[in-house]
Structures are given as structure tokens and as C-alpha cells.
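Its first residue numbered 11, the sequence shown is counted upward by one per residue in the working numbering. In this text, a Cβ means the ideal position worked out from N, Cα and C, and glycines have one as well. For reference, the structure is listed below as C-alpha cells.
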Amino acid sequence: MEELLTRNFCIIAHVDHGKTTLSDRLLEYTNTVAQRILTDQHLDAMDLERERGITIKSHPVTMSYPAKDGRVYKLNLMDTPGHVDFSYEVSRSLAACEGALLLIDAAQGVEAQTVANAHLATAQELKIIPVINKIDLPSANLELCLKQLEDILMIPEDEAILASGKSGIGIEDILEAVVSRIPSPRWRDHPHTRALVFDSIYDSYRGVITYMRVFSGALKAGDQMMLMSTGQKSEVKEVGIFTPKMQKTDSLGEGDVGYLVSNIKDTSEVKVGDTVTLARQPAIEMLPGYKEVRPMVFCGLYPLESNDYEKLKAALGRLRLNDAAFLYQSESSVALGFGFRCGFLGLLHMEIIQERIRREHDVEIISTYPSVVYRVMTHGAADYIEVDNPVLLPDPGTIDEISEPTINAAIHIPNDSMGDILALIMEKRGTVEHTDTLDHTRVMLTCVLPLNEILVDFNDRLKSLTHGYGSMDYELGDYRPADLVKMDILINGDPVDAFSSIVHREKAEGKGRELCERLAEIIPPQMFKVAIQAAIGGKIIARDNVRVLRKDVTAKCYGGDITRKRKLLEKQKEGKKKMKLIGKVSIPPDAFIQVLKNN
Ligand code: GTP
């Protein structure tokens with residue numbers, strides 16, 4: 011088989027090690043995008059991505075490169091997200107390549123996601139080209155980086171390319187290494203057409219646009235294609251490549267990376283990792299590695315203004331079109347009214363969706379505590395049920411066992427913060443399985459932690475205890491039984507559903523006390539004594555009281571102006587109407603928000 015002058019590669023790195031900057035530089039060097047068109051970070055199109063500096067979606071781009079060997083190569087570059095929430099997307103982008111540039115920030119060295127990403131690439135049998143990036147920084151420590159490369163990643167240091175995306179050092183070396191070290195497209199000798207889906211987006215004019223890499227055969231407009239996981243068939247209307255904008259082509263052939271437009275109307279029908287084949291001559295075997303992604307973190311989202319309900323519903327519908335990993339269904343809460351239960355891949359995914367609802371769809375929302383999916387066995391039941399909302403937990407009297415999801419985490423930290431981090435892991439109910447020395451300054455802890463415990467502040471605390479030098483990567487582990495209970499918050503004897511949570515029995519009291527105290531502070535004084543209690547089953551484990559006071563709005567009005575007094579009293583009545591009534595207690599909606607926000 012003749013060699014194809016195509017090279018498919020991606021850039022993998024720990025967050026902020028300079029992937030986007032380097033990608034831009036490659037586009038510029040190959041004249042794919044003129045410098046004046048390059049905004050400072052061309053591949054991160056979404057505003058939010060730019061602001062957070064995190065690449066969320068994979069954007070491929072095709073470049074043309076005349077190499078020193080005198081031949082012109084087609085280089086397909088895939089940008090991959092670096093964050094753990096998106097690790098499935100990372101591994102799908104990797105599966106579409108034959109090689110990877112592994113970036114290491116010269117001032118930071120190898121970090122948790124550098125190692126995790128290198129392992130993902132090795133698992134896909136990719137050729138890794140190590141690049142020590144940002145060598146222009148005065149704090150660059152090349153010697154340490156090269157040593158880490160050998161010691162931690164087992165890559166010979168003489169393979170490393172020294173570069174700086176910012177000042178343009180080493181760009182040609184990188185392109186030459188891509189051409190000479192990365193193999194040409196694999197798996198071309200399969201008898202049928204097979205293409206790997208690595209992403210899909212929704213376009214309001216053209217419907218679903220599927221991003222894919224063709225391994226064998228070809229696809230063109232007019233073909234009947236078939237998605238192998240479901241058998242769904244559809245007519246191909248257009249194919250093309252990314253330059254980086256979409257450019258229509260006659261067909262996509264072996265080794266090509268591009269897009270496909272068909273009659274499919276919903277992105278949830280096109281699953282990342284699926285294989286596209288031709289309906290009239292279908293392949294029998296899918297490309298390897300397909301798995302369904304399932305949301306792991308759930309929370310309730312409610313509009314701040316109840317008349318924004320429809321607007322929120324429309325916003326969620328639109329977001330879902332572009333993001334098959336995001337789920338939602340309607341639910342209602344006594345405290346917060348009508349809203350939606352939503353499922354996300356992880357916390358970052360959740361934050362990004364919430365932010366997009368606020369920003370792109372202009373709906374103010376409040377979210378309840380995030381929850382994981384618990385497995386609950388009840389007496390005599392044949393199988394467990396899954397519970398993602400504490401309110402739906404069966405009666406505790408009927409429960410045999412509750413299991414929770416765990417994660418397997420690799421935590422990289424400086425030696426001197428070891429004591430603090432071990433204490434943090436213990437507080438979060440984790441166990442350290444082993445400790446590895448990375449070099450004379452850093453260690454790696456391999457541990458198991460309940461997913462629920464890292465949802466809220468784990469990463470922030472890891473960063474602050476290590477002065478920013480700690481990093482973590484994780485993958486989902488198995489389910490493990492734990493002594494978990496549902497804790498309710500009662501206001502004047504009535505449970506407030508928005509505050510219910512599933513907690514470990516040993517932590518219930520502390521958490522209950524904290525919540526009661528905070529609510530007592532936030533709820534304005536009432537006309538009569540109001541108790542705030544935390545309870546497990548019928549048992550009260552913590553309590554506090556709301557202050558008793560009548561706010562005399564007429565106090566400032568001395569003299570006998572009765573009309574003014576009446577006006578003020580009317581106004582007070584009006585204000586009360588807006589309050590949420592929990593039993594007999596009126597609570598400003600703000601109070602819920604403040605408590606939920608600060609958690
Ligand atoms: P994520 O998408 O969040 O993973 O980030 P990234 O890896 O794409 O990093 P990005 O290119 O956004 O760069 C992160 C920061 O490092 C930015 O502030 C860049 O300006 C800076 N940076 C990137 N490359 C270089 C470099 O070669 N030298 C120096 N000094 N700074 C760089």
C-alpha cells in the first residue's frame with residue numbers, strides 16, 4: 011500500500027501548559043490562518059472558553075506543510091480538552107490520531123494530567139513527541155523537565171523538542187518531527203468504510219454536524235451512511251474539512267479528518283466514539299473503544315424568577331442539542347418552585363452549563379447541592395435502584411444498603427505538603443493505596459475517594475494547601491457500600507426539600523449544625539419563635555433558632571402623619587407577599603440562594 015502523505019496528531023497537556031497558543035502558532039506557520047485573522051487564541055471560539063482558558067470542545071484543523079524532504083504533507087491537528095471532566099472526549103480525539111505532541115510547561119514540569127494524558131495516548135498506541143514548552147520563561151527549568159520525562163514518563167530525554175509557543179521557538183522542529191516520527195494513517199486495509207465519530211455539534215440551519223476521522227474507504231454526499239451502535243441510517247448531504255472553518259469537499263477518504271452533514275436532527279443520536287459505515291456495504295466490526303458516557307453529577311436548576319421557567323426550559327433544550335452528555339428533566343421543589351433535574355459529567359461541566367445559561371440565554375438560576383448517583387438496595391428487592399436526588403431516597407426503614415461511586419485519583423504534590431494532603435484525604439473519607447516519589451521535590455499519591463466528597467471544595471483546598479503546586483487527575487472507580495443517611499432540614503417542623511442531602515452518618519451532625527447556623531443567620535427575624543433543625547429519619551441532630559423580632563417600619567415616623575404610616579405598613583405587606591412561605595414562616599427567596607451558594 012502506498013504511503014499517504016497525511017499525519018493525524020493531537021496536542022495533549024496539563025491545563026495551561028500552552029496548547030492553544032502552540033496550536034495557533036502551527037496554524038500561522040503553515041499559513042493556514044493569516045496572523046492578522048488570528049485573534050489571540052483562535053481555536054477557543056467560545057467566549058467562555060477564552061475567559062476560563064479551558065478548551066472544552068475538540069476543534070480539528072487541516073494544514074498543508076511543505077516538509078524539508080520536498081514533499082507536501084496534509085497535517086490534521088486535533089485540539090483536545092485537558093480537564094478530567096472531559097477525559098472521554100480526550101481519549102476519542104486520541105483514537106482519531108496516530109501521534110501526539112505532549113506539552114510540558116518548562117516552569118511547571120510534569121503534572122498529574124500530563125501523566126494521565128500520556129497514559130491515554132500510550133493506550134491508543136500513539137507515537138508521543140515530547141515538547142518542553144514556554145522555554146522563554148525566566149523560571150524555566152529544562153534540566154528538571156528532561157529528568158522528569160525519563161523518570162516519570164519513561165521517554166528518553168533526547169526525544170524532547172524545546173519550544174515556545176509564545177515566541178515561536180521550535181515550531182519548525184515540531185512540524186518536522188510530526189512528519190518524520192508519526193506513522194502515516196493506520197487501519198486502511200479494512201475491506202469496508204469505517205470512520206470514527208469524535209464530536210458533533212448542532213447548527214440551527216444544517217442540523218447535526220458530525221466530526222469524524224475516516225480510517226478505511228470513503229464517504230461523500232449522496233451516500234447512505236449507517237451509525238453502527240444503533241443501526242440508524244441517514245443520507246449524507248455534505249462532507250468537508252476544517253481550514254479551520256468548514257470547507258466543503260467532494261469526499262473524505264482514508265486518513266482524512268473532517269465533517270459530515272446528514273438528516274440527523276439531534277446530537278444525542280450521534281454518539282462520540284461511534285463508527286460510521288456505508289449502509290449498502292456495512293462493516294461488521296466497529297472501530298475499537300466505543301462506550302456510552304453517563305452523567306455522574308446531578309443537581310436541580312431553578313429560575314430565580316418563576317416566570318422565567320419557559321425561558322430556562324428553552325435554554326436547556328438548546329444546550330442539550332449541542333451536548334449529548336448533558337441531561338435534564340422537569341422537577342418541582344416546595345422551596346424553589348418549578349425547575350429541572352440536570353445531569354453532568356462532572357463539576358466543571360456543571361459550572362460551564364450554568365454559566366452558559368446565565369450568559370448566553372440570560373436566565374438567572376439557582377442550583378441545589380450537587381449529588382452523585384447512589385445505588386440503593388431495599389428489603390427483598392432483586393436489584394438496586396439508582397437515586398440521584400436525596401428527596402427520592404426510599405424510606406430508611408426499607409433500605410438494606412446504600413453504595414456510592416468512588417474515584418481512583420492520582421494526586422501530585424510537593425513533598426512538604428504531604429502531611430496536610432494526607433489529612434485532607436482522610437477528612438474526605440479517602441484511602442491512600444500507594445505513594446511514589448517522582449523526583450526529589452514531588453510525590454504522587456494514588457488513592458480512592460468517594461466521588462461525592464470531591465464535588466465541592468476538594469480541588470480548591472488541594473491548590474491552597476500546596477500553594478498552587480498540587481494537581482489531580484482521576485477516573486471513575488467502582489461502587490462501594492457506605493454508612494450513608496439522608497439528612498433533612500426542618501424549618502418550624504416542616505422539611506425544606508432544597509436542603510435535603512445524602513451524607514455520611516459520621517459527618518451528618520457537623521454538616522447539620524453548620525447549615526442550621528447559617529440559615530438562622532440568613533432568615534430574617536420572625537414574629538414568633540422558629541426552630542431550624544437538622545434531622546435524620548425522625549431524629550433531630552442539630553438545632554438553632556431564628557431571632558424573634560417585629561421590625562417596626564414606622565419607628566422612624568415620629569409625629570402624627572397617619573397616611574405616611576399606613577403607606578409604610580402597606581409596603582411591608584407587599585414585601586411579605588414576595589416571601590416564600592414554608593409552613594407559617596416567611597423566608598425571602600434570597601435566603602435559599604445565599605445558603606446554597608455558600609456551600
Ligand atoms: P487549556 O486550554 O486551559 O488547557 O490551556 P492551554 O494549554 O491551551 O494554554 P494556553 O495556550 O491558553 O496558555 C496558557 C497561558 O500560558 C497563557 O497565559 C499563555 O499566554 C501562556 N503561554 C502559552 N505559551 C507560552 C510560551 O511559550 N511562553 C510563555 N511565557 N507563556 C506561554
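Self-check item: Secondary structure of Asp504, DSSP reduced to three states
Solution: Asp504: strand per DSSP, three-state reduction.
Quiz prompt | CB-CB length for Leu36 against Ser194, believed under 8 Å | solution = 19 Å between Cβ atoms; not a contact.
Quiz item: Hey, would you say the C-beta of Leu147 is under 8 Å away from at least one heavy atom of ligand 1?
Solution: Yes, Cβ of Leu147 sits closer than 8 Å to a heavy atom of ligand 1.
Exercise. List the whole-angstrom C-beta distance separating Leu355 from Ala325, where the pair is believed to meet the contact cut-off of C-beta under 8 Å.
Key: Going by Cβ atoms, the distance from Leu355 to Ala325 rounds to 19 Å, so no, they are not a contact pair.
Quiz prompt | As assigned by DSSP and simplified to three states, the class of His254 | solution = For the record, residue 254 in the displayed sequence is Pro; it is not His. Pro254: coil per DSSP, three-state reduction.
Exercise. Leaving aside the five residues before and after Leu172 along the sequence, list all residues of the same chain whose C-beta is less than 6 Å from its C-beta, in chain order.
Key: Correct list, in chain order: Ile142, Ile145, Gly180.
Quiz item: For Lys473, is the beta carbon positioned less than 8 Å from some heavy atom of ligand 1?
Solution: The answer is no for Lys473.
Quiz prompt | Cβ-based burial, Leu461 [other Cβ within 10 Å; buried from 16] | solution = So Leu461 ends up on the buried side.
Quiz item: Unbroken alpha helix (DSSP H) runs of length 4 or more, entirely within the region 515-563: which are they?
Solution: Whole alpha helix (DSSP H) segments, 4+ residues: 515-532.
Exercise. Report yes if the CB atom of Gly227 is closer than 9 Å to the CB atom of Thr259, and no otherwise.
Key: For Gly227 and Thr259, no; Cβs fall outside 9 Å.
Exercise. Can you grab the Cα-Cα spacing for the pair Ser413 / Thr31, in whole Å?
Key: Going by the C-alpha atoms only, they are around 43 Å apart.
Self-check item: Helix, strand or coil at Val249 [DSSP, three-state]
Solution: Residue state for Val249 is assigned as strand, using DSSP reduced to three classes.
Quiz prompt | Host beta strand (DSSP E) of Gln89 (start-end) | solution = Checking the displayed sequence, the identity of residue 89 turns out to be Asp instead of Gln. In the DSSP assignment, Asp89 falls within the beta strand (DSSP E) that extends over 82-89.
Quiz item: Within 8 Å: the Cβ of Arg111 and any heavy atom of ligand 1?
Solution: Residue 111 is actually Leu in this sequence, not Arg. Set against 8 Å, the gap from the CB of Leu111 to the closest heavy atom of ligand 1 is not smaller.
Practice problem: Quick one: grab the DSSP three-state call for Arg369. | Solution: DSSP places Arg369 in helix when its eight states are reduced to three.
Quiz item: What are the boundary residues of the beta strand (DSSP E) that includes Lys137?
Solution: For Lys137, the enclosing beta strand (DSSP E) begins and ends at 137-143.
Practice problem: Would you check whether ligand 1 has a heavy atom nearer than 8 Å to the C-beta of Thr30? | Solution: Checking the Cβ of Thr30 against ligand 1 gives yes.
Self-check item: Cα-Cα separation between Val605 and Ile532, rounded to whole angstroms
Solution: For Val605 and Ile532, the distance between alpha carbons rounds to 8 Å.
Quiz item: Apart from the five residues just before and just after Pro380, which ones in its own chain have a Cβ nearer than 6 Å to its Cβ?
Solution: Taken in chain order, the residues that qualify are Val307, Cys309, Leu465.
Self-check item: Exposure of His422, with buried meaning 16 or more beta-carbon neighbours within 10 Å
Solution: Classification for His422: buried.
Self-check item: From Glu264, Val249, Gly263, residue whose alpha carbon lies closest to that of Gln257
Solution: It is Val249 whose Cα lies nearest to the Cα of Gln257.
Exercise. Could you name each continuous alpha helix (DSSP H) segment of 4 residues or more that falls completely within the region 274-331, going from the start of the chain to the end?
Key: Fully enclosed alpha helix (DSSP H) runs of 4 or longer: not present.
Practice problem: Classify Asp34 as helix, strand or coil using the three-state DSSP reduction. | Solution: Three-state result, Asp34: helix.
Practice problem: Identify, in the order they occur along the chain, each residue of the same chain with its Cβ nearer than 7 Å to the Cβ of Asp5, setting aside the five sequence neighbours on each side. | Solution: Here the chain comprises residues numbered 11 to 609, so residue 5 is not present and cannot be evaluated.
Self-check item: Simplified DSSP assignment, three categories, for Tyr613
Solution: What the structure shows of the chain is the stretch from 11 to 609, and residue 613 is not part of that stretch, so it cannot be assessed.
Quiz prompt | Whole-Å CB distance - Gln339 paired with Arg351, under 8 Å assumed | solution = The Cβ separation is near 6 Å, so the contact holds.
Practice problem: Could you name the residues of the same chain whose beta carbon sits closer than 8 Å to that of Cys155, not counting the 5 residues immediately before and after it, in chain order? | Solution: Same-chain partners within the cutoff: Ile114, Ala116, Gly119, Val120, Ile142, Ala170.
Practice problem: Taking 9 Å as the cut-off, decide whether the C-beta atoms of Leu87 and Cys20 are in contact. | Solution: Here Leu87 is near Cys20, since their CB atoms are less than 9 Å apart.
Exercise. Please indicate yes or no: does the CB of Gly175 lie closer than 8 Å to some heavy atom of ligand 1?
Key: Yes - ligand 1 has a heavy atom lying nearer than 8 Å to the Cβ of Gly175.
Quiz item: Just to check, is the beta-carbon of Ala23 closer than 8 Å to a non-hydrogen atom of ligand 2?
Solution: In terms of ligand content, the structure shown lacks ligand 2 and carries ligand 1 instead.
Quiz prompt | Where Gly487 falls: helix, strand or coil (DSSP) | solution = Note: Gly487 maps to strand in three-state DSSP.
Quiz item: If you count every other CB in all the chains shown that lies within 10 Å of the CB of Leu500, and 16 or more means buried, which is it?
Solution: Per the 10 Å Cβ criterion, buried.
Quiz item: Under 8 Å from any heavy atom of ligand 1, does the C-beta of His27 make it?
Solution: It does: the Cβ of His27 is within 8 Å (strictly closer) of some heavy atom of ligand 1.
Quiz item: So, are the CB atoms of Leu314 and Ile375 less than 9 Å apart?
Solution: Contact flag set, yes.
Self-check item: Separation of Leu529 from Met235, as counted between CA atoms
Solution: Met235 and Leu529: Cα-Cα distance of roughly 57 Å.
Self-check item: Inter-residue spacing [alpha-carbon to alpha-carbon] between Asp89 and Lys29
Solution: Asp89 and Lys29 have their alpha carbons spaced roughly 8 Å apart.
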